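Colleague: The sequence shown begins at 1 in UniProt numbering and counts up one residue at a time. Could you have a look at this structure, given as structure tokens, before my questions?
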Amino acid sequence: MARQDDLDRFYGLLDDLEQRVGGTRKLKNCTGYMDWPDRGVYFFLEPGETRASTDQLRVTRVGTHAVSAGSSTSLWDRLKQHYGTGSGSSNHPHGGAHRGSVYRKRVGESIIEKHDLHDDYPDWDKRWSSVERERAEVRDEEYILERRVSTYIREQPFLWVNLDDEPSADSDRAYLEQNVIALLSNFDEQPIDPRGSGWLGRHSQSQAIRESGLWNVNHVDERYDSGFLDLLENAINGTTPP
1 MARQDDLDRF YGLLDDLEQR VGGTRKLKNC TGYMDWPDRG VYFFLEPGET RASTDQLRVT
61 RVGTHAVSAG SSTSLWDRLK QHYGTGSGSS NHPHGGAHRG SVYRKRVGES IIEKHDLHDD
121 YPDWDKRWSS VERERAEVRD EEYILERRVS TYIREQPFLW VNLDDEPSAD SDRAYLEQNV
181 IALLSNFDEQ PIDPRGSGWL GRHSQSQAIR ESGLWNVNHV DERYDSGFLD LLENAINGTT
241 PP
């Protein structure tokens, strides 16, 4: 029951965080002009996906940024990559660049699988270095799917914590991210808070995503250190509304 107890504590802390920042946000309503912390960890929740025993929304994506020494990427920089392009983009408004956001890439893959769109998007899984056609042509071809991905992600409520330490693979942010993922993951585990049949991630090409119930691949098969919960609690106490 240790994992169940730790999950209950984790989601209790998310409740505290939600109250502290005045509720979840959605990317469709966010801008870079909001007072985001420079560095932090974020948690995306899935509408319609709830815990087994409560109506609390389930976390389906955990992420951070700037975990390489010398990186200057901010929390909003990373959220903006998931958001995609705005209405002011001359060529592809409300689209995005999934090659710069693994979250966008994985959501797009699942839409392709669910609706059998492989012939429509043959290059979606390829890096630019492997794409033989002109980039402009591929971007135009992928634009409709990028818009669908933007619509999906921008509707996901999310929370974040302020955790401003130096960029490093050994940073507190990296530690928190990997342990939250490991705790939440049902990969090769007795499922707790099982995923609904309608969750888009069930159509993912990735076994790690399908079985973990998260839009994450790294750390889903790892053991977690419950000490991260104390770190999370302290980070919540240092987080304010943007």
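Beta carbons are placed, not taken as given, at the ideal position from N, Cα and C, and that holds for glycine. No experiment lies behind these values; they were computed from the predicted model shown.
1. Looking at the structure shown, is T50 part of a helix, part of a strand, or coil, going by DSSP?
2. Going by DSSP, which residues form a beta bridge with V41?
3. Less than 8 Å between the beta carbons of L229 and R9, yes or no?
4. Of the residues Q81, W199, D120 and G32, which one's Cα is nearest the Cα of K105?
5. Select from S74, D35 and D140 the residue whose C-alpha is nearest the C-alpha of R173.
6. D193: buried (16+ other C-beta within 10 angstroms of its C-beta) or exposed?
7. Measure the Cβ-Cβ separation of E177 and V41 and say whether it is below 8 Å.
8. Quick one: give me the first and last residue of the alpha helix (DSSP H) that G12 is part of.
9. If the criterion is Cβ atoms closer than 8 Å, does the pair A235 and P167 meet it?
10. Could you give the distance in angstroms between the alpha-carbon of E155 and the alpha-carbon of G48?
11. Does the Cβ-Cβ distance between V107 and W199 come in under 8 Å?
12. Which same chain residues, not among the five before or five after A69, have their C-beta less than 7 Å away from its C-beta?
13. I'd like to know whether the C-beta atoms of E142 and Y121 end up nearer to each other than 8 Å.
14. Are the Cβ atoms of H115 and E146 separated by less than 8 Å?
15. With R61 and P157 assumed to form a contact (beta carbons below 8 Å), what rounded beta-carbon distance in angstroms separates them?
16. With a CB to CB cut of under 6 Å and the five nearest residues on each side skipped, what residues in its chain are close to S71?
17. For D119 and Y33, I'd like the C-alpha separation in whole angstroms.
18. Are the beta-carbon atoms of N179 and G213 separated by less than 8 Å?
19. Are the CB atoms of P37 and N162 within a distance shorter than 8 Å?
20. Pick helix, strand or coil for G63, following the three-state DSSP scheme.
21. Give every residue of the same chain whose Cβ lies closer than 8 Å to the Cβ of E189, excluding the five residues on either side of it in the sequence, and list them in chain order.
22. State the DSSP-derived secondary structure class of R195, mapped to helix, strand or coil.
23. So, helix, strand or coil for K26, using DSSP?
24. Under a three-way DSSP split, which group does R58 fall into?
Modeller: Concretely, from the data shown:
1. When DSSP states are grouped into helix, strand and coil, T50 belongs to the strand group.
2. Paired residues: V161.
3. yes
4. Q81
5. S74
6. buried
7. yes
8. A2 to R20
9. no
10. 11 Å
11. no
12. P167 and S168
13. For E142 and Y121, yes; Cβs fall inside 8 Å.
14. Contact: no.
15. Actually they do not touch by this definition, with Cβ atoms about 11 Å apart.
16. Cβ within range, chain order: P167.
17. 40 Å
18. no
19. With contacts defined as CB atoms closer than 8 Å, N162 and P37 qualify as a contacting pair.
20. strand
21. R3
22. coil
23. In the structure shown, K26 adopts extended strand secondary structure according to DSSP, grouped into three states.
24. strand
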